[in-house]
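Residue numbering for the sequence shown follows the numbering used here, beginning at 1 and increasing consecutively. Ideal placement from N, C-alpha and C gives every residue a C-beta, glycine not left out. Single-structure report; data block below.
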Amino acid sequence: MRFSHNDREFAQLNRMLGSCLSRKGGVVLVDGTVASGKTELIKSFSDKAVGGGVLVLSALAVQTENEIPLGVVDQLAHNASAQVPGIAELQEAIEAAACLTTAGATDPERVSPEHGRVLAQLHAAMMRLAAQRPLVITVDDLHHADQISLQFLCYLARRILNKRVMVVLGLQPGPLPAFPLFQMEMSSQTNCRRIVLEPLSVRHVGRILSEATGGQADAARLAPLYRSLSGGNPLLVNALVADRLEGHDGTGVDAGLPHYRRAVLTCLQRMDGVSTQVAQGHAVLEATGSRHLIGRLLQLDNTLVRRSEHILFRSGLLTAQGFRHPEARAAALESLHPERRAELHTGAARLLFQEGARAADVGTQLLAADSAKDPWAVPLLIDAAEQQLQADRLDQATTYVRLAQREAVTEQQHADVTLMLARTEWRLNPAVVARHLGLGPGATCEAPLQTGQAVQMIRGLLEQGLLEQATEALRWAGESGFDIQHADCEEWNTFKTWLACTYPPLALELPGVPERTEPPGRACHPRPGGELGDSARLLGSVLRGDLADSGLKLAEDRLRMMRLGAGTVEALGNTLRALVYADRYGSAQDWGELLLKEANDRHDPEWVASFASVMAEVAIGRGEPEAAADYARTALTCGAHQTSTVLAGIARAMLMLALVETGDLDGVQRLLSQENFDAAAHSRESLYLLQARGHYHLARRQPHLALRDFSTCGQRMTAWKVDSPSFIPWRTDRAQALIDLDRHEDARGAAEEQLALLVPAQRRTRAITLRVLAQTVEPAQRSPLLEEALQLMTETPDHSERTRILRLLGCNRRPPAAPEHLHGAAVTPPSEDVRGIADLSAAEQRVALLVGKGYTNSEAASELFITVSTVEQHLTRIYRKLGIKQRSDLRAWLVDCHA
């Protein structure tokens, strides 16, 4: 091994030797961690001393001989550098003394008279040698020495002050000091010196590299890296050099370093047992960042752990962040017996589970142990697989599930594993669906999927955007008979209703049950299956155009009775959307603001995203594009990595519509450039996206492109049987594009077709239809249509639509005041002829009235059941529109309103 170190330590030893030659004997304790160059330093010094005519007696203490009395002293007699008179006498004295010391244990704190005589005889023999020539005694790895040899060395050290004798002792530090009484005794001697070996510097590492490779440039470049990887440990530095010469430079974290790995193993084998255990504990826990658990894992006192970590740091194995290279960690794991390694990984898993660590971190330990026997282990592995699926790490998810499959005990565990295994494998191979469902020829599954598990699995695939796999699963459910077998299962039928609302074309993959027909209004009445089934049926009915008042009234009753929770959030969202698609924007806004406020108060981002997405639709329907954009952004921000793909698509579409309305067409273009219309083609979100892109094309004066989008939207809605005009009025959208193309007859036909489909409850959609229809007739025929549309807008305010109608009427009519009933606030509305109120949306009018009456932002938010942030955003727009700067100006404006 090449060795390069500062000359300081060697010079200290030479100075001590010079004093020894002048009859000033002394002791040197050389303190160095494993493979620090301690042995090389002692050997180099011994060689020089022999060359100077000094008699050197050397010994190497080993752990396997530390029970042999005088084993170290015996080595000294047999390892003399020269055969001089007196050596045989020393050997005879040792043999005689060994016979006397075999009986009984040696007291480290007290020398018995019998042992005293032995020590005196040995000392006399040594002094006779020293009388002939200077004597140097070296003992390396003294921490493994036998007790009587230590007593002799202490005895000798106290009697060499005026002798030509020098004792050099090599020590390796440990978390528990080796022979503390011996070290204290030695350190108290005036003739004792301690040399602590420091790690190699970058300069010394560079020197070793240069000597080995002959390249100064490479040595200078690699020296800092090799110093970092080795911590300055000479053994590790030389191992890295050997790897370098074989083509491994260690510059990548995955680089193989065979010599370095073996050197780390050597260090672990040669250092004290506690430090080796701590290194192994680090190796087990490092991947999960839970090194604070090492003491509990190894059942060691934390003080011992900290001391051992300091030793490992000095030895070049650890940094404050962990192992210096993955190969070092691999070597530490390799040093464990397989059974002990499994035991540690299992223990780590239990500790992490108790600490509430992430399922993936606990699962990693269970995988390493290749065992999951604890009752919580299989459910946790399934949770870990779910986390990996969400992160799109399929291979890792599959390994978790495979272990869970092997360790599953109960029927429920087998069923849960089957579900997760299907979800993971279908992403790679959809053809395994039948095998995991336990249906069809060749099915071998021990636990076929139950209804709820099949629903969970297919919905999970859809919400992750895995359309192909979900389609395959649905096809097998239809062809294998699963659909027919569960025809009377409310949970399965609720899922099919949800599927028809959310992914309409995929519902066609389930032909086993004929389409259920309902008398008008009956689809919404309560049935077994709970809120989710009722809300899904209500939403499906509204999308199909069944707007029976009884059903919508029942919907509001449900909103009143249902409490927000994990089991009701989807049902509440479905019910709110049913009100929106039925043109009940006032009710939807009231309930939506309440639910969004509660979701905010309970700090659940997924719930916030769900209701903010609905409120974005409400704001679009009420002609409040700025508020719609705010809600949509909230939904997209809070719902990142949580909200389903459909809800996220709806929020993006609402944001586009809002930006079109406010004139930010560049913003729309950026959003469209990120959209994948083909991926969304089978879901309800595609309808919103087509509508949004169509309006963008209209704003860009590209009616031919808008006509294509609106026509595609209409074709899908018709084919999917979700053709309610108040859902998406694609016919009037298409008519608007035809008007811009000067195809007024075709536009009138589309508008009249939509008008014929409407019922009285669809007031907003009827107003839009009348306004578009008015654009297709002669100017003299327009006023009655527009007047009726304006009246409908009075009943169902839509600020943007009202502005369009007024523009067509060509007059300065102002929108009516805000509603008198303001969530219970006794507010008198201002007169319609007050300048500026026409510029405020209905939501802004409500905020302005309360703040103008002296309400704080928090009080106004509480009164209106919205967030303080929403109040602040409304105020910003109110100030801008009214040309005022502060709250006092708003109060003055309100006084003018009532003057």
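Asked: How far does the alpha helix (DSSP H) with Ile148 in it reach, from first residue to last?; Found: Gln147 to Ala157
Asked: I'd like the ranges of any beta strand (DSSP E) spanning at least 3 consecutive residues and lying wholly in the segment 668-739.; Found: none
Asked: Contact check, Asp146 vs Gly71 under 8 Å by CB: the rounded distance?; Found: 5 Å
Asked: By the three-class DSSP mapping on this structure, what secondary structure does Leu758 have?; Found: coil
Asked: With 16 as the cutoff for other CB atoms within 10 Å, does Leu245 come out buried or exposed?; Found: exposed
Asked: Are Asp678 and Gly694 touching if we call contact CB-CB under 8 Å?; Found: no
Asked: Could you tell me how far apart the beta carbons of Val27 and Arg133 are, in whole angstroms, since I believe they sit closer than 8 Å?; Found: The pair is not a contact, with the Cβ atoms about 19 Å apart (cut-off 8 Å).
Asked: Look at the alpha carbon of Asn14 and the alpha carbon of Glu198, and state the distance between them as a whole number of angstroms.; Found: 18 Å
Asked: Less than 8 Å between the C-beta atoms of Arg633 and Leu655, yes or no?; Found: yes
Asked: With three or more beta-carbon pairs closer than 8 Å as the criterion, would you say the segment 341-349 touches the segment 358-373?; Found: yes
Asked: Quick one: give me the first and last residue of the alpha helix (DSSP H) that Cys909 is part of.; Found: For residue 909 there is no data in the structure shown, the boundaries of the chain being 1 and 899.
Asked: So, does the segment 584-593 touch the segment 613-629, judging by three or more C-beta pairs under 8 Å?; Found: yes
Asked: Out of His144, Leu129 and His143, which has the shortest C-alpha to C-alpha gap to Ile137?; Found: Leu129
Asked: Do the CB positions of Leu882 and Glu863 come within less than 8 Å of each other?; Found: no
Asked: Following the continuous beta strand (DSSP E) through Ile137, name the residue where it begins and the one where it ends.; Found: Leu135 to Asp140
Asked: Taking only three categories from DSSP, how would you classify Val30?; Found: strand
Asked: Buried or exposed for Ser673, please, with buried defined as at least 16 other CB atoms from any protein chain shown within 10 angstroms of its CB.; Found: exposed
Asked: To which residues of the same chain is Met271 closer than 6 Å at the C-beta, ignoring the five residues directly before and after it?; Found: Val34
Asked: So, for Ile768: in the same chain, excluding its five sequence neighbours on each side, which residues have a beta-carbon less than 7 Å away from its beta-carbon?; Found: Pro729, Thr732 and Glu801
Asked: Please return the same chain residues whose Cβ sits closer than 7 Å to the Cβ of Arg173, not counting the five positions on each side in sequence.; Found: Note that residue 173 is Pro in the sequence shown here, rather than Arg. Around Pro173: Asp31, Thr33 and Ile311.
Asked: DSSP beta-bridge partners for Cys192?; Found: Val27
Asked: Counting only runs of 4+ residues fully inside the segment 202-240, write out the alpha helix (DSSP H) ranges in chain order.; Found: 202-213 and 216-230
Asked: Is Gly900 helix, strand or coil by DSSP?; Found: The structure shown does not extend to residue 900, since the chain is modelled only from 1 through 899, so no value can be given for it.
Asked: Just curious, the alpha helix (DSSP H) that Val580 is in, first and last residue?; Found: Val569 to Tyr581
Asked: If you reduce the DSSP assignment to three classes, tell me which class Ala332 lands in.; Found: helix
Asked: With a cut-off of 8 Å, do at least 3 Cβ pairs link the segment 741-754 to the segment 769-786?; Found: yes
Asked: Indicate the three-state DSSP secondary structure (helix, strand or coil) for Val417 in the structure shown.; Found: helix
Asked: So which of Leu169, Leu499 and His204 has the shortest CA-CA distance to Cys192?; Found: Leu169
Asked: Please report the straight-line C-alpha distance between Phe182 and Leu150, rounded to a whole angstrom.; Found: 7 Å
Asked: Exposed or buried, what is Leu176 when buried is set at 16 or more other beta-carbons lying within 10 Å of its beta-carbon?; Found: exposed
Asked: Gly621 by DSSP, collapsed to three states: which one?; Found: helix
Asked: Can you give me the Cβ contacts of Val241 inside the same chain, cut-off strictly under 8 Å, excluding the 5 residues immediately before and after it?; Found: Arg2, Ile208, Leu209, Ala212, Thr213 and Tyr226
Asked: Is the beta carbon of Val362 sitting closer than 8 Å to the one on Gln413?; Found: no
Asked: Would you list the one or two residues that DSSP bridges to Ala747?; Found: Its beta-bridge partners do not exist; DSSP assigns none.
Asked: Could you check what DSSP says for Gly900 in three-state terms: helix, strand or coil?; Found: Only positions 1 to 899 of the chain appear in this structure, which leaves residue 900 out of reach.
Asked: Tell me the DSSP secondary structure of Ala103 in three-state form.; Found: At Ala103, the pLDDT of 47 sits below 50, so the modelled position is not reliable and the matter cannot be decided from this model.
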